[in-house]
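First residue of the sequence shown? That's 1 in UniProt numbering, and the numbers climb one at a time after it. Below is one structure, written out as structure tokens; the observations come after it.
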Amino acid sequence: MTLSFRHYALLAVVAFLVALPGRLSLPPLDRDEPRYMQATAQMLSSGNFLDIRFQDQPRYLQPAGIYWLEAGAVKATETITQNSNLRHESWPYRIPSLLASLFSILLTAWIGSRLFGGITGLFAAALLLVAPLFAAESRMATIDSVLLLDILCLQALLLRHFDDMQAERSTPYRFSLLYWCALGIGLMLKGPIVLIPALGTLFSLSICLRSMALMRQLRAGWGWVISLLITLPWCIGIAVVSHGEFFRRAVGHNLLGKIAHPQETHGFPPGYYLILFLLAFWPGALATVRALPALWQRHTKPEVLFLLCWIIPHWFIFECLATKLPHYVLPTYPALAILTAASLIAWPLSPLRSFWAKLGVTLYALLWGVAGCLFCAAGPFLLYKMEGHLVAAALIPAIGSLPLLLAGIRLFWKQDWRGGAICSIGTALLTEVGIFLCVVPHLTSIQLSPRIAESFRELRPCPESILLSPSYREPSLVFLTGGRVRLLSPLQAADTLHDHARCTLALVDQKDEPAFQQELRRLGAESILYDQFEGLNYSNGHTLHLRLYASHGQAAP
Numbered sequence: 001m002t003l004s005f006r007h008y009a010l011l012a013v014v015a016f017l018v019a020l021p022g023r024l025s026l027p028p029l030d031r032d033e034p035r036y037m038q039a040t041a042q043m044l045s046s047g048n049f050l051d052i053r054f055q056d057q058p059r060y061l062q063p064a065g066i067y068w069l070e071a072g073a074v075k076a077t078e079t080i081t082q083n084s085n086l087r088h089e090s091w092p093y094r095i096p097s098l099l100a101s102l103f104s105i106l107l108t109a110w111i112g113s114r115l116f117g118g119i120t121g122l123f124a125a126a127l128l129l130v131a132p133l134f135a136a137e138s139r140m141a142t143i144d145s146v147l148l149l150d151i152l153c154l155q156a157l158l159l160r161h162f163d164d165m166q167a168e169r170s171t172p173y174r175f176s177l178l179y180w181c182a183l184g185i186g187l188m189l190k191g192p193i194v195l196i197p198a199l200g201t202l203f204s205l206s207i208c209l210r211s212m213a214l215m216r217q218l219r220a221g222w223g224w225v226i227s228l229l230i231t232l233p234w235c236i237g238i239a240v241v242s243h244g245e246f247f248r249r250a251v252g253h254n255l256l257g258k259i260a261h262p263q264e265t266h267g268f269p270p271g272y273y274l275i276l277f278l279l280a281f282w283p284g285a286l287a288t289v290r291a292l293p294a295l296w297q298r299h300t301k302p303e304v305l306f307l308l309c310w311i312i313p314h315w316f317i318f319e320c321l322a323t324k325l326p327h328y329v330l331p332t333y334p335a336l337a338i339l340t341a342a343s344l345i346a347w348p349l350s351p352l353r354s355f356w357a358k359l360g361v362t363l364y365a366l367l368w369g370v371a372g373c374l375f376c377a378a379g380p381f382l383l384y385k386m387e388g389h390l391v392a393a394a395l396i397p398a399i400g401s402l403p404l405l406l407a408g409i410r411l412f413w414k415q416d417w418r419g420g421a422i423c424s425i426g427t428a429l430l431t432e433v434g435i436f437l438c439v440v441p442h443l444t445s446i447q448l449s450p451r452i453a454e455s456f457r458e459l460r461p462c463p464e465s466i467l468l469s470p471s472y473r474e475p476s477l478v479f480l481t482g483g484r485v486r487l488l489s490p491l492q493a494a495d496t497l498h499d500h501a502r503c504t505l506a507l508v509d510q511k512d513e514p515a516f517q518q519e520l521r522r523l524g525a526e527s528i529l530y531d532q533f534e535g536l537n538y539s540n541g542h543t544l545h546l547r548l549y550a551s552h553g554q555a556a557p
């Protein structure tokens, strides 16, 4: 079956409806997302689209491409809604990730359809859509969803050249031009990292085929110049503005540093991504493991070889890096989804002949079932554990998904792998939508920043008030308060509150309060309690007891 425009339109609608729940109401989800959003907000306010900064600190981690996309989304949203107060709300910054995730699903379906037929393409798109790692990243205003789309564009264009090479026909120039433009855009998004999946696939195919024909098919002789021309103007500009500091930090520390040394406690031994795969690609992980014998039998076929050359170099390189984060191997998931879907749809089921193969798949299936049960119960469990109560709406997805999971387990036991996969996809769909729509909004204990920001807006004594925060230093608080936060030590906060008593507030945790109050008393000042907050700082797991203070000289609101 060939996929028509109607199939792709329907798939886009389904993907949009699945990705939408929780997008408008979710607070900033991790430490990186509010850094991206605040840096973009400052870019819009200052009009400086070259030098990226978070408050007064340069943010020299990767080029400016993602910030430009988010700035364009916010500006377009402000124009359409005629609302100029959106710059410190989360959802406009997530629009690029939403659009990128939709097109990533469509491109996965297209590549799968081109290689193995339309049904396989749709099945692969469904497996990717419900993968927890993809579902989480597609809801955040970070770079990963947009980078995934760019890599999928590169691989789709490379596939067109690969097919033409096999058919011994010349690829039209426009497809080669698009490939090198996509590579240039990838460099503007993530720098040299994009070369790992792009050139890794290209070089691996050339080595396996023992031919440079694919290089010639891509017109690499002049194509790299196009990529260079896209990135060069910004590179020159940022080198001048930062006096070379951007490249020292982005390449010397952020890129090369991650290769040799684990950064920010994200160091794990090789094999980390293989272990994480069970959860990150649930429910497709079990079918992927079951497909390994079929993959081995077909690894020399062109369509399988293309996907393996996409997956293996990328995965191997990131397993070897000292710093590991789950999303580093996300660009391999579309290829894994396509191979998994092909094993369920396009290939006959190969019997497991070896005792050890049967044992391995059986043990993995048991782990998969346990993970599925935990996945179904995760929402209500988290809500009860963190908030001490349950909400009826949080139970509905769990009640609906558990029977589907049990049906899927039963079908897998009967060797009906296709039926089991369909049931487990439904399980993941109901569970994820339920978590984002019915559970996360009720997890108030981890939403410290939104609660503090709302209180600060209501209680601030002046329109331009500053919030001093010596204890709670989360980027989400900086973003949600419009950049009005100053991250100081307890003693500095007390001094600043005393010196600027009329318009300043201070947010202090109980562990820092003795030093803060002692310094205020030394200065001859007193504090007034305006508000207090208790909750969990989910980025480090610490429980905080925060108090919002004003100086004695301020009138209580």
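The beta-carbon is built from N, C-alpha and C at its ideal position, and this holds for glycine as well.
- In the three-state reduction of the DSSP assignment, residue 431 falls in the helix class.
- Buried is the label assigned to residue 165, since at least 16 other Cβ atoms lie within 10 Å of its Cβ.
- Restricting attention to 388, 107 and 53, the CA atom closest to the CA of residue 37 is found in 53.
- Rounded to whole angstroms, the separation of the alpha carbons of residue 173 and residue 212 is 18 angstroms.
- A direct Cα-to-Cα measurement between residue 192 and residue 227 gives close to 12 angstroms.
- The residue from 299, 308, 244 and 326 with its alpha-carbon nearest to that of residue 277 is 326.
- When secondary structure is reduced to three states using DSSP, residue 535 falls in the strand class.
- Under the criterion of beta carbons closer than 8 angstroms, residue 205 and residue 214 qualify as touching, at roughly 6 angstroms.
- Residue 44 places its beta carbon 8 angstroms or farther from that of residue 104.
- Here DSSP, grouped into helix, strand and coil, assigns residue 44 to helix.
- Using a Cβ distance threshold of 8 angstroms, residue 55 and residue 508 do not count as a contacting pair.
- DSSP places residue 551 inside the beta strand (DSSP E), whose first and last residues are 542-551.
- Shown here for residue 40: same chain residues with a beta carbon closer than 6 angstroms to its own, the five before and five after excluded, namely 67, 70 and 71 in chain order.
- Approximately 14 angstroms separates the beta-carbon atoms of residue 156 and residue 337; this is outside 8 angstroms, ruling out the contact.
- Linking residue 538 to residue 544 through their CA atoms gives a straight-line distance of about 10 angstroms.
- The C-beta distance from residue 187 to residue 194 rounds to 6 angstroms, short enough to meet the 8 angstroms contact threshold.
- Residues of the same chain with a CB within less than 6 angstroms of the CB of residue 531, apart from the 5 flanking positions on each side, are 455 and 548 in chain order.
- The secondary-structure analysis by DSSP pairs residue 467 across a beta bridge with 485 and 505.
- Residue 27 counts as buried, since at least 16 other C-beta atoms from the protein chains shown sit within 10 angstroms of its C-beta.
- Closest in C-alpha terms to residue 485, from the list 497, 466 and 501, comes 466.
- Non-local beta-carbon contacts of residue 24 in its own chain, meaning distances under 6 angstroms to residues more than five positions away in sequence, involve 91 in chain order.
- For residue 140, there is no enclosing alpha helix (DSSP H), as DSSP gives it neither H nor E.
- Between the segment 426-444 and the segment 375-383, the count of Cβ pairs shorter than 8 angstroms is three or higher; the stretches touch.
- Secondary structure note for residue 320: its alpha helix (DSSP H) is the uninterrupted segment 302-320.
- A distance of 8 angstroms or more separates the beta carbons of residue 119 and residue 159.
- Non-local beta-carbon contacts of residue 128 in its own chain, meaning distances under 7 angstroms to residues more than five positions away in sequence, involve 105, 108, 134, 333, 334 and 337 in chain order.
- For residue 347, no alpha helix (DSSP H) segment is defined, and its DSSP state is neither H nor E.
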